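One structure below.
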Amino acid sequence: MKVEFTHDIACVWSALGYARFQRAAEEHRAGGGELEVVFRPYQPAVSPAGTPPGRGHRRRGPAAWPEQIARAAAVEGLVLNPDRIVPADTARAHRLIALAAARGTAEDMAALLYRAHFTDGLDVADTDVLRDLASVIGVRWNGENDGERPPRAEPAPSVRASGPQVPVFRFPDGTVLVGAVSLAALRSELKRAGSTPCSPELASAQVAGARVGGRSSPSWARRWRSPA
Numbered sequence: 000m001k002v003e004f005t006h007d008i009a010c011v012w013s014a015l016g017y018a019r020f021q022r023a024a025e026e027h028r029a030g031g032g033e034l035e036v037v038f039r040p041y042q043p044a045v046s047p048a049g050t051p052p053g054r055g056h057r058r059r060g061p062a063a064w065p066e067q068i069a070r071a072a073a074v075e076g077l078v079l080n081p082d083r084i085v086p087a088d089t090a091r092a093h094r095l096i097a098l099a100a101a102r103g104t105a106e107d108m109a110a111l112l113y114r115a116h117f118t119d120g121l122d123v124a125d126t127d128v129l130r131d132l133a134s135v136i137g138v139r140w141n142g143e144n145d146g147e148r149p150p151r152a153e154p155a156p157s158v159r160a161s162g163p164q165v166p167v168f169r170f171p172d173g174t175v176l177v178g179a180v181s182l183a184a185l186r187s188e189l190k191r192a193g194s195t196p197c198s199p200e201l202a203s204a205q206v207a208g209a210r211v212g213g214r215s216s217p218s219w220a221r222r223w224r225s226p227a
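Start counting the sequence shown at 0; every next residue gets the next number (numbering that gives the first Met the number 0).
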């Protein structure tokens, strides 16, 4: 089973979503399920002034993060240190994930990058930082001269709802989950998608409740079906 994950390393919602997905994926595999994760880079459009728009994409600033997000991340083993974060262009980080994917270590690479950015306060646009992170999982990183074609950044699927535009989880049966998706929802979709044939039917968009810090926040997560 293949699941596509559209994300950005500098997005706190992506960091939280990926931490939850890692846990759900580990449980799925431990139960005998097969799973391949395909990483799709997402970077927000840049305004004329050169500043990424803030709508639905939290990139920095302690005030932008409700305390409940930090608590929810801690539950999943991810410590958020907003005061230490170094704002960075994540194009190189996504490029490194693509390089790791060719060696079967993309999931580990993504986890390292999220922790480097949100916990350790490292500059994930810096070549030396990326080289050191890559070496941890045995990937050689030569900066701009690695010979790898950078992945194309794609916009997340658009829906008529407020809230985060990423992360986006696309399952093989056409189900798409967006935003602060709960661990329970990820577990359920992995189980269902792994046992359900892909369907070409298009279902109407609907809001799916998510739990962040123990509180139900349906406006932060969305679920719909797309053509397979």
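Just so it is clear, CB atoms sit at the ideal spot from N, CA and C, and this is done for glycine as well.
Since the structure is predicted, the reported quantities are computational estimates derived from the model, not experimental observations.
DSSP places Phe170 in no alpha helix (DSSP H); its state is neither H nor E. For Val78, same chain residues with a beta-carbon under 6 Å away, outside a window of 5 residues either side, are Thr118 in chain order. Judged by DSSP secondary structure, Thr118 falls outside any alpha helix (DSSP H); it is assigned neither H nor E. Taken through DSSP and simplified to helix, strand or coil, Gly142 comes out as helix. The segment 68-87 makes contact with the segment 112-128; the number of CB pairs closer than 8 Å reaches 3 or more. A direct Cα-to-Cα measurement between Ser134 and Arg39 gives close to 22 Å. With a cutoff of 8 Å on beta-carbon distance, Val177 and Asp122 are scored as not near each other. Bounds of the beta strand (DSSP E) holding Glu35 are Glu35 to Pro40. The shortest C-alpha to C-alpha distance from Gly137 to any of Ser187, Arg191, Ala29 and Met108 is the one to Met108. Boundaries of the beta strand (DSSP E) around Val2: Lys1 to His6. Put simply, of Pro163, Arg169, Asn141 and Ser181 the residue whose alpha carbon is nearest the alpha carbon of Gly193 is Arg169.
Here the alpha carbon of Ala110 sits roughly 12 Å from the alpha carbon of His93. Using a Cβ distance threshold of 8 Å, Thr126 and Asp7 do not count as a contacting pair.
Contact annotation, Val11 with Ile68: C-beta distance approximately 6 Å; criterion of less than 8 Å satisfied.
Annotation: the continuous alpha helix (DSSP H) that includes Val128 extends over Thr126 to Val135. In its chain, beyond the 5 residues on either side, Phe38, Ala105, Met108 and Ala109 have a beta carbon closer than 6 Å to the beta carbon of Ile96. In this structure, the CA atom of Glu188 is about 10 Å from the CA atom of Val175.
The closest CA to that of Arg102, considering only Ala29, Arg139, Gly32 and Asn80, is found on Arg139.
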